[in-house]
Amino acid sequence: MEDRIARWETVIGLETHVELATERKLFCSCSAAFGAPANQNCCPLCLGEPGVRPVLNEKAVELAVRGALALGCRVETVSVFDRKHYSSPDLPRGYQITQFYRPLARDGAVRITPENGQEHTVHIAQVHLEDDAGRLFHDWEHGDTRVDFNRSGVPLIEIVTRPDFRNGDEVVAYLEELKTILQYLGVSDCKLQEGSLRCDVNLSVRPEGSTELGTRTEMKNLGSFRAVRRAIEYESRRQIALLERGERVVQETRRWDEDRNESISMRSKEDARDYHYFPEPDLPPLVLSEEYLLDLRARQPELPGEKRARYSREYGLPDYDARMLTGQRALAEFFERTVALGAQPKQAANWIMGQVLRQLSQRNIGAEHMSLSPEALVKILALVEEGRINRNTAVQVFDAVFDGGDPEQYVKANRLEQVSDTGLVERAVERVIRENPGPVSDFRAGKEKSFGFLVGQTMRLLGGKADPKTINIILKNKLVVE
Ligand SMILES: [Zn+2]
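When we follow my numbering, the leftmost residue of the sequence shown carries the number 267, and every step to the right adds one.
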């Protein structure tokens with residue numbers, strides 16, 4: 267089986283649709299918010315009624331341009347909207363407004379590091395603006411399918427790659443990177459569960475070493491990374507099996523059925539001219555000045571890839587840490603502020619990757635919604651550094667002040683300061699030795715494990731507030747000497 271697969275190469279290109287984070291729709295002033303009751307956010311334009319003219323939302327253009335710049339694209343000073351015709355119940359006017367002949371931007375590149383793979387570049391062919399269609403949903407109460415036009419007219423960018431992927435790991439690494447970049451910029455929330463990021467997978471196979479592309483199929487609207495990965499595995503195997511049987515792959519659109527775990531033929535699409543594209547007569551060409559583009563370029567924030575490189579260079583952090591910290595923009599900013607306040611970078615990184623991410627995942631929130639201040643974390647680190655609390659107490663303090671509060675005051679109010687009186691530690695150790703003759707003789711007979719038990723007992727007597735190193739030294743002395 268392995269041998270057989272190794273003779274074939276899978277070639278994948280991706281078209282990703284990302285909803286832009288605007289308040290309004292692309293061509294009218296209806297709200298673009300997700301989650302409103304069905305058909306609440308629509309006007310005659312959203313519903314495709316004749317005689318209403320589209321007016322372009324400038325905020326959507328700005329977000330699209332910022333996204334395209336971050337993906338390394340050349341943004342065109344002139345782009346043109348076209349009508350793409352097709353018939354569907356969620357598209358009442360019979361065409362989508364998109365950019366086909368002259369897209370907003372071209373020729374970008376994204377660096378990816380796939381799991382079990384080498385870092386490499388994925389080329390972006392183009393980025394263009396378009397509006398979303400409505401959404402069909404099943405009405406369980408009435409037992410029929412209905413249509414919700416709230417999504418109709420929501421601004422999208424479509425990001426089209428070159429056929430640069432060879433497997434699902436590479437595709438998922440690219441989508442993760444894309445998501446991080448667009449979230450950093452505030453271009454999109456990229457919430458897969460709300461359909462803000464969906465992709466179409468174009469896939470073909472060819473004999474290893476061949477430079478010609480095989481016949482491709484397209485799987486549309488994959489809404490989770492898991493679905494993307496499984497759809498690619500399935501479709502790649504299906505096409506290889508066809509070719510090995512001497513049959514041919516039909517160029518067509520296929521639907522991925524997540525429950526049945528297979529792709530199903532929807533319609534054959536021999537030719538793109540089916541869509542009968544032509545320039546949208548109601549919208550002038552989109553003209554962007556050089557000054558406008560320079561200004562947006564100057565206002566771009568530092569992107570995750572740049573941050574990762576800087577974290578290894580300036581702070582000497584391992585690649586893994588740099589990736590974790592830059593995964594969310596708010597988390598990276600929290601880290602940078604903590605370090606700016608004097609925390610040792612690796613120590614701050616460990617606390618953020620361990621304790622901060624633990625708290626965030628327990629609450630199921632992003633770092634942007636966290637109320638812990640960098641000042642509080644720096645104070646906790648200082649308390650440990652000064653030997654005033656031990657590591658376990660520090661975690662307890664951290665949990666207590668995560669939603670607000672002063673670590674110093676919390677330590678004082680709860681009498682958590684470490685017992686630094688060695689006389690007190692000594693008396694506790696003596697009592698533990700007296701009360702635990704079994705473990706003591708075990709230890710003396712060479713059972714190292716009993717030592718940990720005795721340290722634990724001493725710590726318990728001291729209310730968890732002693733420095734474990736001090737207990738270790740005193741306990742060892744007493745056990746060996748007496
Ligand atoms: Zn509208």
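Every residue gets a Cβ at the ideal spot worked out from N, C-alpha and C, and that includes glycine.
Please read all numbers here as calculations on a predicted model, not as lab measurements.
Residue i - DSSP class collapsed to helix/strand/coil
i           : result
residue 391 : strand
residue 286 : coil
residue 551 : coil
residue 274 : strand
residue 739 : helix
residue 531 : strand
residue 291 : coil
residue 728 : coil
residue 638 : coil
residue 647 : helix
residue 356 : coil
residue 545 : strand
residue 331 : helix
residue 668 : coil
residue 318 : coil
residue 685 : strand
residue 537 : Low confidence applies to residue 537: its pLDDT is 48, below 50, so where it sits in the model is not reliable, and the reading given next is rough at best. The answer is coil: DSSP assigns residue 537 none of H, G, I, E or B.
residue 267 : The predicted model places residue 267 with a pLDDT of 47, which falls under 50 and marks its position as unreliable, so this point remains unresolved.
residue 734 : helix
residue 323 : coil
residue 592 : helix
residue 455 : coil
residue 238 : This structure cannot speak to residue 238, because the chain is shown only from 267 to 748.
residue 744 : helix
Beta-bridge partners of residue i, as assigned by DSSP
i           : result
residue 361 : 351
residue 341 : 371
residue 522 : 529
residue 424 : 283 and 394
residue 485 : 467 and 520
residue 377 : 387
residue 297 : 290
residue 403 : 412
residue 431 : 278
Where the beta strand (DSSP E) through residue i begins and ends
i           : result
residue 472 : 463–473
residue 413 : 410–414
residue 451 : No beta strand (DSSP E) contains residue 451, which is instead part of the alpha helix (DSSP H) from 434–451.
8 Å CB neighbourhood of residue i in its chain, flanking five on each side removed
i           : result
residue 653 : 684, 686 and 733
residue 498 : 276, 278, 433, 434, 437, 467 and 469
residue 360 : 314, 351, 352 and 353
Cβ shell of residue i (< 6 Å), same chain only, five flanking positions each side left out
i           : result
residue 537 : With a pLDDT of 48 at residue 537, under the threshold of 50, the modelled position of this residue cannot be trusted, and the question is left open.
residue 588 : 574, 577 and 578
residue 411 : 402 and 404
residue 738 : none
N-terminal and C-terminal residue of the alpha helix (DSSP H) that residue i is part of
i           : result
residue 617 : 611–617
residue 508 : 491–510
residue 346 : Segment: none, residue 346 is in no alpha helix (DSSP H) and carries neither H nor E.
residue 366 : Per DSSP, residue 366 belongs to no alpha helix (DSSP H) and is neither H nor E.
residue 582 : That residue, residue 582, is in no alpha helix (DSSP H); it is neither H nor E in DSSP.
residue 597 : 595–606
residue 677 : 673–679
residue 557 : 556–564
residue 624 : 623–629
residue 707 : 703–710
Sequence-distant residues of its chain with Cβ nearer than 7 Å to residue i (five each side left out)
i           : result
residue 541 : 350, 351 and 352
residue 414 : 304, 305, 400, 401 and 403
residue 660 : 646, 649 and 650
residue 287 : 329, 452, 453, 454 and 455
residue 698 : 720, 723, 724 and 727
residue 621 : 661 and 664
Neighbour flag for residue i against chain D, beta carbons, 9 Å
i           : result
residue 612 : The chain labelled as chain D is not found in the depicted structure, where only one protein chain is given.
Could you say if the stretch 348–367 and the stretch 455–474 meet the contact criterion of at least three C-beta pairs nearer than 8 Å? no
Does the structure place the stretch 321–328 close enough to the stretch 511–527 that three or more beta carbon pairs sit under 8 Å? no
Validate contact between the stretch 423–437 and the stretch 377–386 using beta carbons, cut 8 Å, 3 pairs: yes
Decide yes or no for the touch test of the stretch 292–306 against the stretch 505–524: beta carbon pairs closer than 8 Å, at least 3 of them. no
Contact between the stretch 289–296 and the stretch 311–322 (3+ Cβ pairs under 8 Å): yes
Whether or not the stretch 542–555 and the stretch 567–587 are in contact is what I'm after, with contact meaning three or more pairs of Cβ atoms, one per stretch, closer than 8 Å; do they touch? no
Are three or more beta carbon pairs between the stretch 454–471 and the stretch 273–284 nearer than 8 Å? yes
Are the stretch 622–642 and the stretch 658–675 in contact at 8 Å, needing three or more beta carbon pairs? yes
May I ask you to verify whether the stretch 439–451 touches the stretch 332–348, counting CB pairs closer than 8 Å and requiring at least 3? yes
Assess contact between the stretch 686–706 and the stretch 720–735, defined as three or more Cβ pairs (one per stretch) separated by less than 8 Å. Is contact present? yes
Counting Cβ pairs, one atom from each stretch, are 3 or more of them under 8 Å apart for the stretch 477–487 and the stretch 500–507? yes
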